[in-house]
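Take a look at the structure set out below.
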Amino acid sequence: MDFSIKSFDTKNPAGALKTGCLVLGTFEDGKLSDAAQQVDRKGELSAAVKSGDISGKPGSTLLLRGNGGPAERILLVGLGKQDTVSEKNFTSAMQAVARVLASLGGGDAVIALPFEQVRERDLFWAIRTSVLAVREHAYRFDAMKSKKEPATQGVKKIAFAVSVPSAAPAKAALVEGVAMANGMDLTRDLGNLPPNVCTPTYLAQTAKKLAREYGMGIEVLDRKQMQALKMGSFLSVTHGTVEPPKFIVLKHDGGKAKEAPVVLVGKGITFDSGGISLKPGGSMDEMKYDMCGAASVLGTMRAIGELELKLNVICVIPSTENMPSGSATKPGDVVTSMSGQTIEILNTDAEGRLILCDALTYAERFKPAAVVDIATLTGACITALGHHNSGLFTRHDDAHDALANELLAAGRASGDTAWRLPIEDSYQEQLKSNFADMANIGGPAAGSITAACFLERYTRKYTWAHLDIAGTAWKSGAAKGATGRPVPLLTTFLIQRAQVQSLTGKGKKAA
Ligand code: BES
Ligand code: MN
Ligand code: ZN
């Protein structure tokens with residue numbers, strides 16, 4: 383997909399642009415957008431609206447052959463009520479446009495929607511949202527099919543028509559949107575690949591490729607090196623698998639040398655059978671998606687690499703399969719984590735926290751400005767928040783409230799939202815063990831919170847947040863597939879950090 387910006391002014395209005403398809407907005411009260419009014423030379427657009435061919439409801443569309451102007455076709459799209467184009471209505475409209483353009487003849491389109499009229503959002507937001515909507519519809523995964531789907535028809539070149547003074551911010555939004563979409567595509571591909579292809583070794587190779595492409599630092603530790611680091615908790619999850627585990631560290635040094643990095647830790651279980659606490663068979667294939675935390679972190683690294691973001695970011699990925707075997711960890715086993723804390727493993731299916739806790743301890747060495755872990759951690763998070771919001775957890779003090787608010791705002795700005803849940807001492811008590819410092823499960827109640835409480839015990843040396851993406855990383859059913867979330871949230875969060883950093887020059891290493 384090739385995106386560009388075309389600017390218009392009174393002498394060269396949007397309607398004068400030659401194109402295969404001109405996309406224009408209309409409202410629910412029967413009014414055409416300004417650009418549509420200019421194009422409506424013979425009144426056929428207003429006639430179409432008047433006759434009820436298009437309702438103007440958000441996402442309604444009407445495709446017309448050209449009206450004698452320079453556009454071969456005109457696509458009218460409904461934006462809802464005029465004085466309040468809400469974020470939601472604009473997004474539905476753009477999704478509808480993306481759907482129509484994906485199956486249209488004719489090589490190119492010009493989108494001339496009122497990007498500056500979205501309530502509480504600006505043109506930058508509208509352009510970026512539009513790019514993401516188009517790319518979401520253009521995504522295909524046929525890597526494993528013997529016969530590839532024929533290169534679909536549909537528009538391959540899209541220009542956004544904006545006023546001359548808006549051209550510069552529109553271009554910047556486009557660059558950001560494309561980088562984010564490229565990152566999401568990588569995340570979706572890694573998630574959708576079968577678990578016999580996307581192994582820990584494959585994730586490590588992907589990280590190495592990113593390192594080469596964007597000049598990042600890379601280190602991949604093998605089992606021996608993990609043993610030397612005493613990662614007894616992570617290693618306990620690897621005992622049942624024949625696939626070699628990998629511990630991946632990828633570094634983007636975009637900021638000043640002395641600036642403390644943001645560390646992203648991604649859960650990389652390339653297949654979660656549950657281990658000896660075996661999962662039931664139904665939908666077990668979907669546990670190939672248990673590496674979506676790792677995939678989202680790699681996708682985010684791709685996005686910020688492409689943007690050459692001026693921020694130090696380190697990604698840490700503990701990766702293994704979780705399998706049953708004669709050598710696998712058993713319920714009742716007690717292991718010693720890298721932090722020295724001991725863990726009684728009461729359920730081998732609560733393996734995510736076991737690999738993450740050692741990665742979180744490892745992250746201490748970077749003296750991070752903040753650490754965010756991203757994990758498909760608990761089925762309970764789907765029960766709590768469904769498939770709309772990722773679960774967000776931090777401690778509850780001023781520094782952590784600030785980090786939580788940054789992440790929540792990044793989620794809202796990118797349409798990739800999260801919802802905060804509590805971490806409290808009363809939940810910590812559920813992790814008591816008679817035989818070790820803690821158990822790896824906290825009983826059936828509040829499963830996502832006790833999982834976060836477990837991780838919290840390994841993050842007390844820095845500012846930390848945890849994102850549970852069990853409900854948001856992939857879709858089940860007919861539309862089964864990875865979503866690319868939370869790449870938009872994470873990328874937006876990092877971009878905003880880089881902007882603050884450049885304004886204040888802050889972010890020196892913590893003492
Ligand atoms: N990867 C799963 C969590 C999961 C399950 C995500 C289903 C999305 C859909 C995780 O490793 C797991 O198995 N968690 C257990 C924890 C329990 C044993 C305390 C769970 O959620 O059932
Ligand atoms: Mn599990
Ligand atoms: Zn898991």
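In terms of the working numbering, the sequence shown opens at residue 383 and continues consecutively. For glycine and all other residues, C-beta sits at the position ideal for the given N, C-alpha and C.
Ligand 3 heavy atoms versus the CB of residue i: any closer than 7 Å?
i	result
Asp667	no
Thr865	no
Asp504	no
Thr765	no
Ile699	no
Thr758	yes
Asp740	no
Ile823	no
Ile651	yes
Asp850	no
Residue i to residue j, Cα distance in whole Å?
i	j	result
Gly825	Arg522	40 Å
Ala480	Arg510	13 Å
Lys891	Asp779	Confidence at Lys891 is low in this model, with a pLDDT of 45, below 50, so the placement of that residue is unreliable and no value is reported for it.
Ile555	Ala549	Checking the sequence, you will find Ala at residue 555 rather than Ile. C-alpha separation (whole angstroms): 10 Å.
Gly863	Leu603	30 Å
Arg802	Gln607	36 Å
Leu759	Leu736	11 Å
Pro395	Pro547	14 Å
Pro627	Arg605	6 Å
Gly451	Cys403	11 Å
Phe409	Asp490	24 Å
Arg517	Ser474	14 Å
Ala833	Arg777	13 Å
Leu813	Phe836	7 Å
Ala893	Thr730	Reliability fails at Ala893, whose pLDDT of 39 lies under 50, so the model's placement of it is uncertain and the value that follows must be treated cautiously. Cα-Cα distance, rounded: 37 Å.
Gly734	Arg594	29 Å
Ala828	Gly488	53 Å
Ile696	Ala552	29 Å
Gln883	Asp755	21 Å
Ser830	Ile764	9 Å
Leu885	Ile877	13 Å
Gly441	Gly412	15 Å
Leu849	Ala430	47 Å
Lys590	Glu746	23 Å
Gly714	Asn822	10 Å
Gly434	Thr392	30 Å
Phe472	Val500	7 Å
Would the beta-carbon of residue i be found less than 7 Å away from any heavy atom of ligand 1?
i	result
Thr620	no
Glu733	yes
Ile540	no
Gly656	yes
Thr711	no
Ala762	yes
Asp604	no
Asp780	no
Asp384	no
Asp567	no
Gly829	yes
Asp672	yes
Asn816	no
Val729	It should be pointed out that residue 729 corresponds to Asn in this sequence rather than to Val. Under cutoff, so the answer is yes.
Would you say the beta carbon of residue i is closer than 7 Å to some non-hydrogen atom of ligand 2?
i	result
Asp435	no
Asn704	yes
Taking residue i and residue j to be in contact with their CB atoms under 8 Å, please state how far apart those CB atoms are, rounded to whole angstroms.
i	j	result
Ser815	Ser719	Wrong, their Cβ atoms sit about 13 Å apart, outside the cutoff.
Thr326	Ala752	Absent from the model: residue 326. The displayed extent of the chain is 383 to 893, so no value can be given.
Arg684	Leu568	5 Å
Lys873	Gly573	Per the sequence shown, residue 873 should be read as Thr rather than Lys. Contact flag wrong, Cβ pair sits at about 17 Å.
Ala818	Ile725	6 Å
* To do: Take every Cβ of the stretch 769–781, pair it with every Cβ of the stretch 650–668, and state whether three or more of those distances are shorter than 8 Å.
  => Counting C-beta pairs closer than 8 Å gives fewer than three between the stretch 769–781 and the stretch 650–668, which falls short of the contact rule.
* Taking three-plus beta-carbon pairs below 8 Å as touching, is the stretch 803–811 in contact with the stretch 690–705? -> No, because fewer than three Cβ pairs between the stretch 803–811 and the stretch 690–705 fall closer than 8 Å, the two stretches do not touch.
* Which full runs of the beta strand (DSSP E) of 3+ residues lie inside the stretch 733–777, going along the chain? -> 752–757, 772–776, all fully within the stretch 733–777.
* Segment contact flag, the stretch 633–640 with the stretch 583–600, C-beta cutoff 8 Å, min 3 pairs -> Contact annotation: the stretch 633–640 touches the stretch 583–600, with at least three C-beta pairs closer than 8 Å.
* Should the stretch 782–792 be regarded as contacting the stretch 685–697, the criterion being three or more beta carbon pairs within less than 8 Å? -> Counting Cβ pairs under 8 Å, fewer than three are found: no touch.
* Per the contact definition of three or more C-beta pairs closer than 8 Å, is the stretch 497–506 in contact with the stretch 453–460? -> Note that the stretch 453–460 does not touch the stretch 497–506; fewer than 3 beta-carbon pairs, one per stretch, sit closer than 8 Å.
* To do: Jot down the residue ranges of each uninterrupted alpha helix (DSSP H) in the stretch 403–446, minimum 4 residues, whole runs only, in chain order.
  => With a minimum length of 4 residues, the continuous alpha helix (DSSP H) runs that stay inside the stretch 403–446 are 416–421, 426–432.
* Length-filtered (4 minimum) alpha helix (DSSP H) runs lying within the stretch 458–519 -> Entirely contained in the stretch 458–519, the alpha helix (DSSP H) runs reaching 4 residues are, in chain order, 469–483.
* Can at least three beta-carbon pairs, one atom from the stretch 481–492 and one from the stretch 526–541, be found at a separation below 8 Å? -> Taking 8 Å as the limit for Cβ pairs, the verdict is that the stretch 526–541 does touch the stretch 481–492.
* Unbroken stretches of the beta strand (DSSP E), 3 residues or longer, contained in the stretch 667–732 -> Runs of the beta strand (DSSP E) inside the stretch 667–732: 694–704, 716–718, 724–726.
* Jot down the residue ranges of each uninterrupted alpha helix (DSSP H) in the stretch 771–829, minimum 4 residues, whole runs only, in chain order. => As far as the stretch 771–829 is concerned, its whole alpha helix (DSSP H) runs of at least 4 residues are 780–796, 807–810.
* Secondary structure, alpha helix (DSSP H): runs of 4+ residues fully inside the stretch 828–856 -> As far as the stretch 828–856 is concerned, its whole alpha helix (DSSP H) runs of at least 4 residues are 829–838.
* To do: Counting only runs of 4+ residues fully inside the stretch 562–622, write out the alpha helix (DSSP H) ranges in chain order.
  => Counting whole runs of 4 or more residues, the stretch 562–622 contains the alpha helix (DSSP H) stretches 582–596, 605–610, 614–619.
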